[in-house]
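Numbering-wise, my numbering comes out as the position in the sequence shown, counting from 1, plus 35.
Heads up, the thing below is written out as structure tokens.
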Amino acid sequence: MKSLLTPLLLLVLSLLTASATYAETANTKVQIHTGQALDQGQGLAQSKSKQITLSYASAVRTEQVLKDAQLQIAKHSLLTTPVYWLQAAIFTQPLEQEKSALLALIAEKQSEFDITDERYTALATLHQFISSSHFAKRAALQLDYDQARITNNANPLLSGELTLQLPARSEQVWVLGAVKDTGAVKWQQRLSTAEYLEQAKAISAAENDTAVVIQPDGKIQTHPIAYWNERHHDIAPGAIIYLPFTGGWLAPLDDLGFDASGFNEINQAAVSLLRERVL
36 MKSLLTPLLL LVLSLLTASA TYAETANTKV QIHTGQALDQ GQGLAQSKSK QITLSYASAV
96 RTEQVLKDAQ LQIAKHSLLT TPVYWLQAAI FTQPLEQEKS ALLALIAEKQ SEFDITDERY
156 TALATLHQFI SSSHFAKRAA LQLDYDQARI TNNANPLLSG ELTLQLPARS EQVWVLGAVK
216 DTGAVKWQQR LSTAEYLEQA KAISAAENDT AVVIQPDGKI QTHPIAYWNE RHHDIAPGAI
276 IYLPFTGGWL APLDDLGFDA SGFNEINQAA VSLLRERVL
């Protein structure tokens with residue numbers, strides 16, 4: 036019996052030691068981020084968050100993180116209004132390579148046009164916006180503290196180095212892409228995508244049929260904007276409206292008859308990256 040118990044005890048002890056080692060080394064760090072303030076003079080976002088990081092010895096439930104984060108937000112008076120849960124998100128690794136690749140695409144395309152060309156100006160403004168923004172991989176999790184407390188699917192374990200975005204509700208909608216006036220526009224209830232674009236003034240080399248809307252929760256939608264197909268779709272505060280570039284009526288076509296002017300790659304990369312924007 037002794038010869039059997041000894042290996043068994045050694046196995047149990049080794050498992051306990053391994054578990055203790057994991058708990059000590061599998062640290063979870065969550066940086067709380069409440070958003071940025073808009074610089075009205077330049078239309079750019081400037082950070083206003085105090086850097087507060089929650090640290091845990093191991094993986095931790097979402098509910099606990101959200102509870103602790105809200106306590107810290109209240110303690111340090113980081114928000115003066117309730118958390119805007121529609122725009123709450125968890126981000127993992129930074130997307131610096133994707134950002135650099137998009138900036139290179141925009142710069143390369145911009146070099147094809149004269150400085151007086153409206154396409155040059157629109158691309159330059161988009162380049163500036165992307166350059167001044169931070170992007171990271173958004174976790175596929177819709178955050179809601181009440182749901183996390185009662186629903187297992189909304190309360191997964193979190194681990195690693197994370198950024199937790201818990202902002203106040205925005206009063207702006209961003210309009211980007213093939214427009215003359217890139218930047219933030221005041222959000223208005225029931226205002227359509229086409230009406231926001233009217234304020235931003237589309238350039239001639241802009242898509243005139245459909246715009247892309249990135250809602251605050253990261254959902255990507257296409258909204259018809261032409262007079263013959265326009266239908267109302269709600270746009271939430273904090274959304275991004277991206278009007279795609281086209282080559283215009285004289286653009287070359289590829290073998291399938293689609294725009295081959297080189298803007299498609301920029302449009303697709305921009306939409307994909309803007310979904311991952313950290314406020």
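Virtual Cβ for every residue (Gly too), placed ideally from N, Cα, C.
Owing to the predicted nature of the structure, the values given are computational and were not obtained by experimental measurement.
S166 carries a helical assignment under DSSP once its states are collapsed to helix, strand and coil. Put simply, of D216, A203, F164 and K144 the residue whose alpha carbon is nearest the alpha carbon of K236 is D216.
The beta strand (DSSP E) runs of length 3 or more contained entirely in the stretch 236 to 278 are, from start to end of the chain, 245 to 249, 255 to 259 and 275 to 278.
Under the three-state reduction of DSSP, Y91 is assigned to strand. Judged by pairs of C-beta atoms under 8 Å, the stretch 211 to 228 touches the stretch 262 to 276, as three or more such pairs exist. Across the set N302, Q256 and R204, the C-alpha of N302 shows the shortest separation from the C-alpha of A241. Per the coordinates, the alpha-carbon of S146 lies some 12 Å from the alpha-carbon of L138. Inter-residue distance for I67 and Q132 is about 24 Å (C-alpha atoms, whole angstroms). The stretch 100 to 110 makes contact with the stretch 178 to 196: 3 or more CB pairs, one atom from each, lie closer than 8 Å. For E133, the enclosing alpha helix (DSSP H) has its first and last residue at E131 to Q145. Taking a cut-off of 8 Å for Cβ pairs, the stretch 147 to 163 and the stretch 88 to 95 do not touch, as fewer than three such pairs fall below it. Per DSSP, the continuous alpha helix (DSSP H) segment holding T97 begins and ends at T97 to K110.
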